[in-house]
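Chemist: Residue numbers (the working numbering), protein chains in the order written: chain A, 54 to 487; chain B, 54 to 487; chain C, 54 to 487.
Every residue gets a Cβ at the ideal spot worked out from N, C-alpha and C, and that includes glycine.
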Amino acid sequence: MKLKILTILMCVSVNNLFASDISSTTDQVLFTINNIWMLIATFLVFIMHLGFATLESGLTRAKNTVNILFKNISIIAIGLLTYAICGFNLMYPGEFLLGNYFGFAGWGITNPPGIDGLVGYADGAYTYFTDFIFQAMFAATAATIVSGAVAERIRLSSFLVFSTIYVAFIYPIAGSWKWGGGWLDQLGFYDFAGSTLVHSVGGWAALVGAVVLGPRVGKFHKNGTIPIMGHNLPLATIGVFLLWFGWYGFNGGSVLSADPGPVSFVFVTTTLAAAAGVVGAMTVSWSISKKPDLTMVLNGSLAGLVGITAGADVITPMYAVVIGFIAGLLVVLSVLFFDRIRIDDPVGAISVHLTCGIWGTLAVGIFSSEYSFLTQLLGVVSFGSFCLVSALVIFYGIKMIMGLRVSEEEEMIGLDLGEHEMEAYAGFQIFTVE
Amino acid sequence: MKLKILTILMCVSVNNLFASDISSTTDQVLFTINNIWMLIATFLVFIMHLGFATLESGLTRAKNTVNILFKNISIIAIGLLTYAICGFNLMYPGEFLLGNYFGFAGWGITNPPGIDGLVGYADGAYTYFTDFIFQAMFAATAATIVSGAVAERIRLSSFLVFSTIYVAFIYPIAGSWKWGGGWLDQLGFYDFAGSTLVHSVGGWAALVGAVVLGPRVGKFHKNGTIPIMGHNLPLATIGVFLLWFGWYGFNGGSVLSADPGPVSFVFVTTTLAAAAGVVGAMTVSWSISKKPDLTMVLNGSLAGLVGITAGADVITPMYAVVIGFIAGLLVVLSVLFFDRIRIDDPVGAISVHLTCGIWGTLAVGIFSSEYSFLTQLLGVVSFGSFCLVSALVIFYGIKMIMGLRVSEEEEMIGLDLGEHEMEAYAGFQIFTVE
Amino acid sequence: MKLKILTILMCVSVNNLFASDISSTTDQVLFTINNIWMLIATFLVFIMHLGFATLESGLTRAKNTVNILFKNISIIAIGLLTYAICGFNLMYPGEFLLGNYFGFAGWGITNPPGIDGLVGYADGAYTYFTDFIFQAMFAATAATIVSGAVAERIRLSSFLVFSTIYVAFIYPIAGSWKWGGGWLDQLGFYDFAGSTLVHSVGGWAALVGAVVLGPRVGKFHKNGTIPIMGHNLPLATIGVFLLWFGWYGFNGGSVLSADPGPVSFVFVTTTLAAAAGVVGAMTVSWSISKKPDLTMVLNGSLAGLVGITAGADVITPMYAVVIGFIAGLLVVLSVLFFDRIRIDDPVGAISVHLTCGIWGTLAVGIFSSEYSFLTQLLGVVSFGSFCLVSALVIFYGIKMIMGLRVSEEEEMIGLDLGEHEMEAYAGFQIFTVE
């Protein structure tokens, strides 16, 4: 690696890596391809946020659609900005301050000057800026997961405050334990792309939010559960396909290079697990309810994807099918279970992201001989405890200070008119469904 | 290519291609870029399945939307899994068993051990896993094409059985004749990315399905045809744009490397043919019906894309415009023709994929001096005979064993309530359109 | 660069860059990755056209949806074809004919023979065909921007004629002044990816169109403005996310290579500006109207994106946040301003693309020490004058020759029934909103 020292990227003009007088070397070219793949993975993860927005709004009622879309576009913006302000440096602190549990590298993003922020940054795989932007896209995901479970009854401002705190502090601190090189990483815990670090972190907060808020009006009656149907299943389907699509960046980018072996391997395991999740969910839901349930099958593919995420690079394709299939079964049973214990999760976010996130993390300990089941379990429990307590504290704090739930009247007319004085489908005749 | 032998990819840990002690070579880096482009093409082809799902549901009635979405998410899952189980090894058998007509390399996907499955696999262009996953994404396409033509009246389980058989056996066996190095390949038949191997294979089965099922109730009357309008044209438009978008992977990936000359050439021919297809369909439909018909123009772009697919790498940009324009004319005339002979194809799948697939395949023999028109015609006829007979046998078998069509009553209330007990747009006031 | 001379790309067979008998060199591999990144950027810019189509139809009324979708699919086709016929050679004339104001390299696209059109074309960064197709995707954007501002009242054929002329001649001639190496380029004017060259060029014509046409029936009353709500906000949200997604190609591709430093830098500035635009628009609109307005927040992200486009490679991340935030404020104030002066822009296209395009161009002169504010202002004024006059002449010419606006009766029943005899949502009960 002998290229000349570049001027600092942060200054007005960005120097061209190859604009030097020497010919490019093989390492420089390899660096270029690794870096561009990470940026491609970045835009793929970005579009997952559209997937979340459409899935969530499709699976809820028309009268709350504006509210959900507003939350989703806000969360990605807030997640990206807070990650630039403090999240990135909390998650990758370099040095820890409190015994591998907490560290902070300072406010804002600061590109190491010259060649250090460029080719010297990540073993010649990508630049500092690529590292930041790829990780930043992940950050908002956790908060978006919560959004689905608390939909149709949480106050907008309260949700935005919760999300900001959770994504700015809780997600990156927890993440530092593994990806930042913290204590769980040192114990040998494995989570390739975030079954626990992203999906469960969101899932635990989703669970807490759903419990603290209570169910939507009309969801549970003395004699059982009344299903509240989503208002736009094509929209939900768009969401699922976009999430699957973006997952090729989520998992494929988590290789952290364009290395052909692992990236192509991860594409295969990710794909087969998603497909097996569809078949798993189809099998169990068709058996139980005697009818082919579209929303279950859609969630089945996401279940398979969440399930394979922790071990996409270390699970064989055959076991990826097994993991995905079981995730597809689990998500259906989990949805029924949470309905049974009267926790109301409008879009099945807890079942998809928490249940299958735990499953995927443990599955690494089961199907890969390299990792310990007990360490995986320790990781699940540690993340669970931290996230449960944190989410509980934040949600209760918000509840006491500013309130958490909209009025029953507002819930009945819908949050679109109540909070936004706007309709998602102006002109369409829509029945209010309760 | 002198890099050290890598450990087997299928084992617990996937080795890094460049993690060896030697410095990376130019060939290794070229391999990395070729491989990553093929994976990018893979996720582009994946999103075409969302394109099919939205196009097809947008062009049919609201009461059958859940059913169509369910079919589409199921088909991609089934297609991927069956391709892993047997399709890939039927399509690329290595050695043929029956005189270049049929071969089978065994069940499941088996990565050649060590370097052979990695850089030694495809002339240093991509890994075994990349090869599998790229081809697997193509496989489900053929079945999805059928889905459109038989929509709104086929029983869900019957369709799933048909698709599974067709995608697991018929598509790969036919495909082996050309892409697997079989008899048509040896005769000099050319089909770059699948005007015949993918689109016509789906189109022939679509034709058989539409004929065997018969038209939808109310479509044809004594005095002519009653158009049954699609219920959501924004959704259909999303579908067309996503298909066009994905086609950059479908055609661009069919170069089988990132080689700058051919890939950029294919981008240009593909784009210009699609654009010309829009203009062609606009011209003829506006002339005939005196009004600018959105669905015709949308199908025009797909017609141009299907038309250029067989020869995207060997047709000059100017001829790509000609081929696309003619495809745009043809698709409109073909839709009118099938209405005239009372074959009911709700979304125009036969016209787009079969008519223009044939046109594109023959066009290679017309506009490229390198290929013989007669050989192209032979390819069209051979694929047509095989697919027609196969589809006929399977559809009739299913009809006898389990029935093919829903009851007239179910067709009237819609398959969403009939098969799924679910509505796509809960809460919306929708008239039943017959 | 010693690879053997390749045969001409335009002939029947496209030669493989690396199929020669010599081993590939580092420069060849770097060329391959640069070229493939530009093609990736190309398909990202392509999907922005779906973003425009969905955003625009989502923000207008259901009765004009078919019309808008028809315009958008037509414009991309027309834009691509005219760019092949003359646009590309007007924008990049090589030699100017009229003192660096106008040049023309001839009709059609003509690949320089042999190696010159391949690796010798753009300093070893990409092929001739890549250059053409990337630029062609930009071309149609300008016309699409106009579409939003004149929506719901312009005659389809008149709009198509306007767009064809504007995209075929005005856009490329104006563009040649900077990107073609013309007089503004020589004066030191800077516009990285088109705040002025693309967005303002569209925005000026949008302004002229909105003024010449006059407001929609019922929009302005004696006592103020009556908001006409969009009919499908999920569709509009899909549009915004897809535009943001595609912007990674729009700005990322404008680096014109895969060079790791600048591309990753541009990803960061683009992302942070978009996020800050959301927060800026949220802040000001929530303050003014006391309610969280989804459409303002959506436009805020686009405002941030347009704002950063002129300087994405030379603005520091912190200033990118500032520019995006201010753009978010500006777009809201601009929408209110145009309502106040009774210029009716149904989707806010003028505010997003013109107001923020000007802001972004001037911001380069403010936040980057390398560029002069006055030169940036000169560029804005020059483009503005040329586009205003051109658009005025074309719109008035069309108005005199063939008429510009649909009848009031047609406007009331909607252009879908009036121009297309088609409904976007057949079967749905929709109130006519005036």
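I want to verify the contact list: residues of chain B whose CB lies under 8 Å from the CB of Ile483 (chain A), in sequence order.
Modeler: Those are Gly480, Phe481, Gln482, listed as they occur along chain B.
Chemist: Using the Cα positions of Ser354 (chain B) and Leu468 (chain B), report the straight-line distance between them to the nearest angstrom.
Modeler: The alpha-carbon atoms of Ser354 (chain B) and Leu468 (chain B) are separated by roughly 30 Å.
Chemist: Please state whether DSSP places Arg393 (chain B) in a helix, a strand or coil.
Modeler: Helix, per DSSP.
Chemist: What does Phe96 (chain A) pair with, by DSSP beta-bridge criteria?
Modeler: Note: Phe96 (chain A) sits in no beta bridge, so no partner.
Chemist: Step through the CB atoms of chain A and report whether any lies within less than 9 Å of the CB of Pro399 (chain C).
Modeler: No, Pro399 (chain C) lies away from the interface with chain A (no Cβ there is under 9 Å from its Cβ).
Chemist: List the residues of chain A whose Cβ lies closer than 8 Å to the Cβ of Met92 (chain B), in chain order.
Modeler: Met is not the amino acid found at residue 92 (chain B); the sequence shown has Leu there. Those are Tyr301, Gly305, Val316, Ser317, Phe320, listed as they occur along chain A.
Chemist: Nearest chain B C-beta to Tyr179 (chain C) closer than 9 Å, yes or no?
Modeler: Yes - at least one Cβ of chain B is within 9 Å of the one on Tyr179 (chain C).
Chemist: What would DSSP say about Gly283 (chain C), mapped onto helix, strand or coil?
Modeler: Three-state result, Gly283 (chain C): coil.
Chemist: Using Cβ-Cβ distances below 9 Å, what residues of the region 260 to 275 of chain A are close to chain B?
Modeler: Residues: none.
Chemist: Pairs of beta-carbons, one from the region 251 to 264 of chain A and one from the region 433 to 443 of chain A, closer than 8 Å: are there three or more?
Modeler: Taking 8 Å as the limit for Cβ pairs, the verdict is that the region 433 to 443 of chain A does touch the region 251 to 264 of chain A.
Chemist: Out of A:Val434, A:Tyr174, A:Glu463, A:Gly132, which one is the CA nearest neighbour of Gly147 (chain A)?
Modeler: Answer by Cα proximity: A:Tyr174.
Chemist: Alpha carbon to alpha carbon, what distance is there between Ile129 (chain C) and Arg269 (chain C)?
Modeler: Going from the Cα of Arg269 (chain C) to the Cα of Ile129 (chain C) covers about 25 Å.
Chemist: By the 10 Å Cβ neighbour count, where 16 or more other Cβ atoms means buried, how is Arg393 (chain B) classified, buried or exposed?
Modeler: By the 10 Å Cβ count, Arg393 (chain B) comes out exposed.
Chemist: Does the distance from the C-beta atom of Ser460 (chain A) to that of Gly450 (chain A) stay below 9 Å?
Modeler: The answer is no: Cβ separation not under 9 Å.
Chemist: Using a 10 Å radius around the Cβ and a threshold of 16 neighbouring Cβ atoms, would you call Asp74 (chain A) buried or exposed?
Modeler: Per-residue confidence for Asp74 (chain A) stands at a pLDDT of 34, beneath the threshold of 50, marking its modelled position as unreliable; the derived number appears in the next sentence. Classification of Asp74 (chain A): exposed, given that the 10 Å Cβ count is below 16.
Chemist: Between C:Ala380, C:Thr197, C:Val433, C:Met465, which lies nearest to Thr336 (chain C) when the distance is taken from Cα to Cα?
Modeler: Of the listed residues, the one whose Cα sits closest to Thr336 (chain C) is C:Ala380.
Chemist: What is the rounded straight-line gap between the Cα of Arg206 (chain B) and the Cα of Arg114 (chain B)?
Modeler: Their backbone Cα atoms lie some 11 Å apart in a straight line.
Chemist: Assuming Ser338 (chain C) and Asp346 (chain C) are in contact, meaning their beta carbons sit under 8 Å apart, how far apart are those beta carbons, in whole angstroms?
Modeler: That pair is a contact at about 5 Å.
Chemist: Write down the C-beta distance between Val319 (chain B) and Val308 (chain B) rounded to the nearest angstrom, noting that I regard them as a contact closer than 8 Å.
Modeler: The pair is a contact, with the Cβ atoms about 6 Å apart (cut-off 8 Å).
Chemist: Helix or strand or just coil, what does DSSP make of Leu533 (chain C)?
Modeler: Nothing about residue 533 (chain C) can be read from this structure; chain C reaches only from 54 to 487.
Chemist: Hey, would you say Val384 (chain C) sits closer than 9 Å to Ala356 (chain C), going by beta carbons?
Modeler: Contact flag set, yes.
Chemist: Here's a check: name, in chain order, each residue in its chain whose Cβ is nearer than 8 Å to the Cβ of Leu431 (chain A), leaving out the five neighbours to either side.
Modeler: Leu237, Leu240, Phe242.
Chemist: Kindly list, in the order they appear in chain B, the residues whose Cβ is closer than 9 Å to that of Asn285 (chain C).
Modeler: Within 9 Å Cβ-Cβ: Pro287.
Chemist: So, does the CB of Asn87 (chain C) fall closer than 9 Å to a CB anywhere in chain A?
Modeler: Taking Cβ atoms only, chain A reaches closer than 9 Å to Asn87 (chain C), which makes this a yes.
Chemist: Within a Cβ cutoff of 7 Å, which residues of the same chain sit near Ala477 (chain C), ignoring the five residues on either side of it in sequence?
Modeler: Cβ neighbours of Ala477 (chain C) beyond the five flanking positions: Ala115, Thr118, Val119, Asp469.
Chemist: Do Tyr136 (chain B) and Ala195 (chain B) have their C-beta atoms within less than 9 Å of each other?
Modeler: No.
Chemist: Quick one, are the C-beta atoms of Ala329 (chain A) and Ala365 (chain A) less than 9 Å apart?
Modeler: Result no, Cβ atoms of Ala329 (chain A) and Ala365 (chain A) do not sit closer than 9 Å.
Chemist: Going by DSSP, what residue range makes up the alpha helix (DSSP H) through Ser342 (chain B)?
Modeler: Taken as a continuous stretch (DSSP letters only), the alpha helix (DSSP H) holding Ser342 (chain B) covers 313 to 342.
Chemist: For Leu455 (chain A), decide whether its Cβ has a neighbour in chain C, counting only Cβ atoms nearer than 9 Å.
Modeler: The residue asked about is misnamed: residue 455 (chain A) is Met in this sequence, not Leu. False, the Cβ-Cβ gap to chain C never drops below 9 Å.
Chemist: Mind checking the region 203 to 221 of chain B against chain A and listing, in chain order, the residues whose C-beta falls within less than 7 Å of any C-beta there?
Modeler: So the close ones are Leu209.
Chemist: Rounded to the nearest angstrom, what separates Phe390 (chain B) and Gly333 (chain B) at their Cα positions?
Modeler: Going from the Cα of Phe390 (chain B) to the Cα of Gly333 (chain B) covers about 17 Å.
Chemist: Taking 8 Å as the cut-off, does the region 74 to 93 of chain B touch the region 78 to 95 of chain C (at least 3 CB pairs, one atom from each stretch)?
Modeler: Contact holds: three or more Cβ-Cβ distances are below 8 Å.
Chemist: Bridge partners of Pro274 (chain B), per DSSP?
Modeler: What sits at residue 274 (chain B) in the sequence shown is His, not Pro. B:Gly277.
Chemist: Using a Cβ-Cβ cut-off of less than 9 Å, list which residues of the region 102 to 133 of chain A approach chain B; keep chain order.
Modeler: Listed by position, the residues of the region 102 to 133 of chain A near chain B (Cβ gap below 9 Å) are Arg114, Ala115, Lys116.
Chemist: Quick one: give me the first and last residue of the alpha helix (DSSP H) that Ala258 (chain B) is part of.
Modeler: Run containing Ala258 (chain B): 254 to 266, per the alpha helix (DSSP H) assignment.
Chemist: Comparing the C-beta of Leu295 (chain C) with each C-beta of chain A, is any distance below 9 Å?
Modeler: True, the Cβ-Cβ gap to chain A drops below 9 Å.
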